[in-house]
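There are 2 protein chains.
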Amino acid sequence: MCSKVPAHIERKGNGPRSMEEDRRWVRACRPEIRAPGLNDNTADVDRLIRAVERSLGGEVVRVDLTLMRRIPRILRDHRYRVEAVAAREEGAWRLLDLLPLGGGRSLVGAAVDVGTSTVVVRLVDLEAGRTLEEAGFVNPQSEFGEDILTRIHFASRDGGLDTLRRALLDRLNAEIARMADDHGFTADRVYGASLAGNTTMTHLLLGLNPFWICREPYIPAVNRPGLLTAFEVGLGIREQAPVLVFPNVGSYFGGDLIAGILASGMDRSESTAILVDVGTNAEVALGNRDWLMACAGAAGPALEGGVAQMGMMAAPGVIDRVTYRPDSGRLEVHTIGGRPPVGICGSGLIDLVSRLFLAGMIDMRGKFVPDACGSRLRDEEGVPTFEVVPASESGTGGPLTLSQPDVDALMRSKAAMYTILTTVTAMVGLSMQELGRFFVAGTFGSYIDPKSAVTLGMIPDLPLDRFVSLGNTSLEGATRALLEADAAERIDRIRDRITYIELNVNQEFMNLFSAARFIPHTDRSLFPSVAAWESAQGFGD
Amino acid sequence: MCSKVPAHIERKGNGPRSMEEDRRWVRACRPEIRAPGLNDNTADVDRLIRAVERSLGGEVVRVDLTLMRRIPRILRDHRYRVEAVAAREEGAWRLLDLLPLGGGRSLVGAAVDVGTSTVVVRLVDLEAGRTLEEAGFVNPQSEFGEDILTRIHFASRDGGLDTLRRALLDRLNAEIARMADDHGFTADRVYGASLAGNTTMTHLLLGLNPFWICREPYIPAVNRPGLLTAFEVGLGIREQAPVLVFPNVGSYFGGDLIAGILASGMDRSESTAILVDVGTNAEVALGNRDWLMACAGAAGPALEGGVAQMGMMAAPGVIDRVTYRPDSGRLEVHTIGGRPPVGICGSGLIDLVSRLFLAGMIDMRGKFVPDACGSRLRDEEGVPTFEVVPASESGTGGPLTLSQPDVDALMRSKAAMYTILTTVTAMVGLSMQELGRFFVAGTFGSYIDPKSAVTLGMIPDLPLDRFVSLGNTSLEGATRALLEADAAERIDRIRDRITYIELNVNQEFMNLFSAARFIPHTDRSLFPSVAAWESAQGFGD
Chain A
5 MCSKVPAHIE
15 RKGNGPRSME
25 EDRRWVRACR
35 PEIRAPGLND
45 NTADVDRLIR
55 AVERSLGGEV
65 VRVDLTLMRR
75 IPRILRDHRY
85 RVEAVAAREE
95 GAWRLLDLLP
105 LGGGRSLVGA
115 AVDVGTSTVV
125 VRLVDLEAGR
135 TLEEAGFVNP
145 QSEFGEDILT
155 RIHFASRDGG
165 LDTLRRALLD
175 RLNAEIARMA
185 DDHGFTADRV
195 YGASLAGNTT
205 MTHLLLGLNP
215 FWICREPYIP
225 AVNRPGLLTA
235 FEVGLGIREQ
245 APVLVFPNVG
255 SYFGGDLIAG
265 ILASGMDRSE
275 STAILVDVGT
285 NAEVALGNRD
295 WLMACAGAAG
305 PALEGGVAQM
315 GMMAAPGVID
325 RVTYRPDSGR
335 LEVHTIGGRP
345 PVGICGSGLI
355 DLVSRLFLAG
365 MIDMRGKFVP
375 DACGSRLRDE
385 EGVPTFEVVP
395 ASESGTGGPL
405 TLSQPDVDAL
415 MRSKAAMYTI
425 LTTVTAMVGL
435 SMQELGRFFV
445 AGTFGSYIDP
455 KSAVTLGMIP
465 DLPLDRFVSL
475 GNTSLEGATR
485 ALLEADAAER
495 IDRIRDRITY
505 IELNVNQEFM
515 NLFSAARFIP
525 HTDRSLFPSV
535 AAWESAQGFG
545 D
Chain B
5 MCSKVPAHIE
15 RKGNGPRSME
25 EDRRWVRACR
35 PEIRAPGLND
45 NTADVDRLIR
55 AVERSLGGEV
65 VRVDLTLMRR
75 IPRILRDHRY
85 RVEAVAAREE
95 GAWRLLDLLP
105 LGGGRSLVGA
115 AVDVGTSTVV
125 VRLVDLEAGR
135 TLEEAGFVNP
145 QSEFGEDILT
155 RIHFASRDGG
165 LDTLRRALLD
175 RLNAEIARMA
185 DDHGFTADRV
195 YGASLAGNTT
205 MTHLLLGLNP
215 FWICREPYIP
225 AVNRPGLLTA
235 FEVGLGIREQ
245 APVLVFPNVG
255 SYFGGDLIAG
265 ILASGMDRSE
275 STAILVDVGT
285 NAEVALGNRD
295 WLMACAGAAG
305 PALEGGVAQM
315 GMMAAPGVID
325 RVTYRPDSGR
335 LEVHTIGGRP
345 PVGICGSGLI
355 DLVSRLFLAG
365 MIDMRGKFVP
375 DACGSRLRDE
385 EGVPTFEVVP
395 ASESGTGGPL
405 TLSQPDVDAL
415 MRSKAAMYTI
425 LTTVTAMVGL
435 SMQELGRFFV
445 AGTFGSYIDP
455 KSAVTLGMIP
465 DLPLDRFVSL
475 GNTSLEGATR
485 ALLEADAAER
495 IDRIRDRITY
505 IELNVNQEFM
515 NLFSAARFIP
525 HTDRSLFPSV
535 AAWESAQGFG
545 D
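Same order as they appear, the protein sequences are chains A and B. Mapped onto our numbering, the consecutive letters of the first sequence carry residue numbers 5 to 545. Mapped onto our numbering, the consecutive letters of the second sequence carry residue numbers 5 to 545.
As structure tokens, then:
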């Protein structure tokens with residue numbers, strides 16, 4: 005019933021970023037260079053380096069041989085009136101390029117969210133802090149394995165790792181080249197990149213064997229790849245460009261989540277915040293500027309089904325919002341692009357089930373109430389099935405329906421989510437009411453209506469203004485890494501401070517899980533708002 | 005009359021070097037690594053890095069992606085019992101390799117003297133400080149241009165620079181591979197290299213255009229290439245291996261001379277020393293631990309001829325020493341390998357002319373004295389020609405002779421040399437008597453008998469124990485760079501401290517030059533020893 009990932013998602017957007025230029029990671033400067041003479045016969049490269057050092061505030065500037073070879077010609081052709089592009093390294097700058105002054109250039113970086121299903125690239129103007137373009141594509145590795153485990157398996161075949169790496173790199177490089185071309189420059193004018201992905205995706209992209217990631221004791225090849233160069237990574241941008249690869253905490257907590265923490269800013273917040281990323285796994289980070297804790301992965305089986313399948317991106321005709329009119333008893337569906345409905349997406353499903361509950365058509369056990377549903381509920385080969393959209397109004401020619409097993413799956417997923425949140429906060433001795441911010445990460449998360457999720461008891465009953473949807477935090481974190489001078493250090497600090505806890509699906513967890521398999525919960529005192537919404541027979545929307 | 009450079013010179017030798025292992029530039033260590041477990045799931049690379057950091061005393065260890073990819077497999081195949089090879093970088097170590105423990109390996113480096121005519125490679129055991137093998141070959145760039153200027157010209161042709169670079173690199177890489185193979189390992193077990201050459205040779209090897217070196221105001225592309233990697237240089241050793249390229253002071257004072265200063269140790273000596281390198285140019289360095297001064301190049305034309313042509317390497321049958329028996333009036337020649345004489349080499353020529361002078365057969369103007377020479381002096385088409393070896397004793401079938409123009413050329417060369425030495429020391433307000441050490445660099449220099457050179461007035465009349473022949477100082481300096489931990493810093497310090505002075509061939513220089521065109525000098529009080537040797541009619545040898 006849920007939509008497939010579209011092959012090519014494009015989004016235009018201008019990140020509202022403003023920073024002091026001299027704190028940037030990649031910078032352009034205009035060194036003042038005097039032409040050589042008999043009384044000043046410093047060599048060309050040394051002369052340039054010295055001028056760039058002065059211009060960048062005295063720090064050491066390094067230059068590699070490839071660029072060194074081009075410097076004398078560029079300096080002389082442009083009579084020493086040049087602009088230098090440099091990237092910050094540990095305690096030094098690396099010269100990346102030398103351009104004629106006033107040649108009209110952009111200083112561009114590429115932020116990449118390397119997702120298992122979808123890869124999103126964002127080209128960023130590093131000086132204006134502005135997004136030039138953003139494009140996504142299905143991870144071409146999907147052809148060789150839909151999920152992480154299949155790909156790890158494929159990678160251990162002869163040549164498999166290289167096949168996966170090349171498939172992704174080729175597509176990514178083509179996309180960057182295309183985007184650069186659209187903006188009138190070439191990919192070698194992209195002077196920096198940051199890559200955020202889960203542990204396995206990072207391994208596959210870097211050509212590191214993920215074999216041991218899924219085998220006890222679950223050891224990645226590397227957690228901190230550090231600052232690499234585009235050349236060694238094989239990224240089709242300027243060879244010398246620095247490539248920041250987000251570090252992993254471990255096999256089940258990857259760089260995408262570190263990027264999420266960076267994007268949320270929780271590592272600098274005074275009050276404690278929680279960050280929840282609902283993808284193919286449920287991953288949670290909790291903390292503030294003093295401590296950070298994370299857990300992920302082990303509750304996976306309980307989350308299979310509903311939420312996992314809902315975690316997909318929207319497409320035209322897909323139902324993303326549902327409202328219920330208590331007066332007319334009508335369900336009103338909203339579709340993307342206003343097209344006739346063809347399916348339902350995660351956020352739409354959560355809306356739908358919460359509305360059916362408030363209307364009394366689904367009970368607190370998550371079962372359809374035949375009397376309340378009336379003729380819309382039919383028995384299809386022994387399976388109670390609810391008609392959401394009649395055939396006459398649908399875009400498929402047939403009715404769109406919701407079956408009892410669909411709802412059951414959602415009940416398991418939401419119960420697992422709530423149980424994880426309860427368990428994680430309890431571990432640090434907090435109640436969920438003490439959370440100052442509740443960040444929801446992931447494209448899926450950005451469409452969820454918090455009221456609906458609270459109604460289902462999927463997330464805690466907090467004042468609604470504490471919920472913040474961050475969208476693609478992996479991409480957002482990667483973008484910040486490009487724009488903040490001290491991002492690499494901050495990312496390392498986040499990684500080092502995280503206490504990673506393996507979620508234990510023990511008897512206590514299962515007890516909590518059982519208690520959460522009701523709408524909103526067996527303990528209704530945890531959800532006072534829901535009682536109010538119930539008595540109003542809806543949200544009043 | 006002088007020998008050609010043999011195509012392949014081989015020398016075995018054990019440099020007497022002993023250093024504390026932990027000060028080395030490239031080091032091996034045995035990190036203690038615990039196998040991972042469920043309670044210690046640090047990633048493989050991070051685990052290794054941490055252990056190597058502990059083993060190397062806490063400094064940061066970096067590793068590049070190529071090696072990172074191999075680490076998990078090596079660690080697991082050898083059950084974490086490994087040896088790590090690392091090279092020192094600024095404030096950190098770079099991991100170069102990971103080997104099974106007890107696999108029996110050598111830690112090898114390559115020191116290269118990149119000469120215009122001859123290239124010499126020395127493979128060094130970096131732990132024992134021992135030379136494994138040394139081999140020389142004619143610089144293959146000679147095919148495209150015999151001297152520096154022709155090569156600079158050739159390099160400016162389309163593809164010329166690359167042709168010159170590849171010609172040298174290919175030959176050098178083949179030589180290193182052959183040498184490694186001879187010792188039972190592969191070239192990727194060579195973990196470091198140092199390259200010392202004059203400014204143009206360094207440019208051509210690194211693929212830097214030397215076009216502006218020979219054009220006013222004589223600007224090299226780069227003076228300080230810094231620490232490069234074998235990969236970027238194209239050197240066929242381990243890709244990640246550090247390559248130290250000796251810096252230049254300027255177009256006419258190259259890295260080979262910095263290497264010479266390093267080899268002499270004059271930058272650390274309390275007393276003032278002079279270093280003289282007589283190759284295709286006369287280059288002089290002067291100084292002590294407080295100051296360094298150098299000059300080179302401009303006196304070139306005066307040195308063309310004799311000395312320049314003598315600056316060649318020895319070969320079997322070439323006369324390298326000459327003695328005179330006053331009692332019998334016989335000249336006794338010594339040849340390399342004891343073979344019948346086929347020619348004479350620089351050191352032999354200096355010996356020969358000084359003996360002929362002491363025997364009265366050449367006068368103080370450098371002219372043959374017919375009465376004293378007797379039948380050995382013949383007129384060959386108006387040119388006085390002296391028979392050194394009669395046809396009956398020679399290895400060529402004909403007599404070996406010395407003509408008046410040969411001696412004239414030597415007189416010009418030696419006068420130029422002495423004038424340069426006088427000028428340079430006078431510049432800093434010293435007399436030559438105040439020189440604590442007189443270092444002679446170059447293979448040519450290592451064969452010169454100081455007594456003979458003093459007799460001719462080529463070098464000052466100092467106590468003979470102050471003369472120290474250093475042989476190939478370029479190669480020796482390059483070798484030290486491989487073995488000393490702080491060589492890179494020391495080399496930079498030498499470079500930065502040198503005051504480079506262009507020798508001005510003005511009227512005063514020409515006056516001094518004219519005065520020096522006598523044996524030993526117009527002012528005989530400068531050479532008291534020669535008067536004593538004259539009255540003894542020889543050295544008593």
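No residue lacks a Cβ here, since even glycine has one placed at the ideal position from N, Cα and C.
- Give the straight-line distance between the Cα atoms of residue 305 of chain B and residue 508 of chain B, rounded to the nearest whole angstrom. Confidence in residue 305 of chain B is poor, its pLDDT being 37 and thus under 50, which makes the residue's placement unreliable; the coordinate value appears in the next sentence. Approximately 12 Å between the Cα atoms of the pair.
- Assuming residue 130 of chain A and residue 102 of chain A form a contact by the criterion Cβ under 8 Å, report the distance between their Cβ atoms to the nearest whole angstrom. The Cβ separation is near 17 Å, so there is no contact.
- Query: For residue 389 of chain A versus residue 405 of chain A, is the C-beta distance shorter than 7 Å?
  - Reply: yes
- Item | Exposure label - residue 69 of chain A; buried when at least 16 CB within 10 Å | buried
- Ordered along the chain, which non-local residues of its own chain (more than five positions away) have a Cβ less than 8 Å from that of residue 105 of chain A? 34, 82, 85, 86 and 87
- Query: Does the Cβ of residue 67 of chain A have 16 or more other Cβ atoms within 10 Å, making it buried, or fewer, making it exposed?
  - Reply: buried
- Alpha carbon of residue 244 of chain B to alpha carbon of residue 281 of chain A, nearest angstrom: 39 Å
- C-alpha distance - residue 495 of chain A paired with residue 246 of chain A, whole-angstrom precision: 15 Å
- Item | Per DSSP, cross-strand counterpart(s) of residue 506 of chain B | B:300
- Considering only the beta carbon of each residue, do residue 228 of chain A and residue 251 of chain A sit closer than 7 Å? yes
- Item | chain A contact for residue 72 of chain B (CB, 7 Å cutoff) | yes
- Roughly how many angstroms separate the alpha carbons of residue 99 of chain A and residue 434 of chain A, rounded to a whole number? 49 Å
- Check residue 384 of chain A in the structure and name its three-state DSSP category. strand
- Item | Under 7 Å (Cβ pairs) to chain B, residues found in the region 509-522 of chain A | none
- Endpoints, beta strand (DSSP E) assigned at residue 104 of chain A: 96-104
- Task: Select from the region 199-217 of chain A all residues with a C-beta closer than 8 Å to any C-beta belonging to chain B, and list them in chain order.
- Result: 210, 211, 212, 213, 215 and 216
- What is the residue span of the beta strand (DSSP E) that residue 349 of chain B lies within? Where residue 349 of chain B is concerned, there is no enclosing beta strand (DSSP E), given that its DSSP letter is neither H nor E.
- Message: Please list, in chain order, the residues of the region 59-70 of chain A that have any C-beta partner in chain B closer than 9 Å.
- Response: 64, 66, 67, 68, 69 and 70
- Task: Less than 8 Å between the CB atoms is what I'm expecting for residue 522 of chain A and residue 368 of chain A, so what's the real figure, rounded?
- Result: 5 Å
- Item | Min CB distance residue 546 of chain B to chain A below 7 Å | Because chain B here runs from 5 to 545, residue 546 of chain B falls outside it and cannot be looked at.
- Item | Under 8 Å (Cβ pairs) to chain B, residues found in the region 219-253 of chain A | 220, 221, 222, 223, 224, 225, 226, 227, 228, 229, 230, 232, 236, 237 and 252
- For the alpha helix (DSSP H) that residue 456 of chain A lies in, which residues bound it at each end? 454-460
- Task: Could you pull the start and end residues of the alpha helix (DSSP H) that residue 234 of chain B belongs to?
- Result: 234-237
- Query: Can you tell which of A:272, A:476 and A:514 has its C-alpha closest to the C-alpha of residue 200 of chain A?
  - Reply: A:476
- Based on Cα-Cα distance, which residue from B:297, B:184 and B:97 lies nearest to residue 61 of chain B? B:97
- Taking all protein chains shown into account, decide if residue 395 of chain B is buried (16 or more other Cβ within 10 angstroms of its Cβ) or exposed. exposed
- In whole angstroms, what is the alpha-carbon distance linking residue 525 of chain A and residue 464 of chain A? 10 Å
- Are there three or more Cβ pairs, one per stretch, closer than 8 Å when the region 170-177 of chain A is compared with the region 133-146 of chain A? yes
- Message: Along the chain, where does the alpha helix (DSSP H) containing residue 219 of chain A start, and where does it finish?
- Response: Where residue 219 of chain A is concerned, there is no enclosing alpha helix (DSSP H), given that its DSSP letter is neither H nor E.
- Query: Between residue 184 of chain B and residue 191 of chain B, which are expected to be in contact by the criterion C-beta below 8 Å, what is the C-beta distance as a whole number of angstroms?
  - Reply: 5 Å
- Message: Just to confirm my understanding: we take residue 382 of chain B, look at its own chain, exclude 5 residues before and 5 after, and list those with CB closer than 6 Å. What are they?
- Response: 389
- Go ahead and label residue 205 of chain A buried or exposed: buried means 16 or more other beta carbons lie within 10 angstroms of its beta carbon, across all protein chains shown. buried
- Chain-ordered neighbours of residue 41 of chain A on chain B, where CB pairs are closer than 7 Å: 221
- DSSP puts residue 246 of chain B in a beta bridge; with which residues? B:233
- Query: Hey, does residue 45 of chain A have any beta-carbon neighbour from chain B nearer than 7 Å?
  - Reply: yes
- Going by CA-CA distance only, name the one from B:506, B:328 and B:45 that's closest to residue 456 of chain B. B:328
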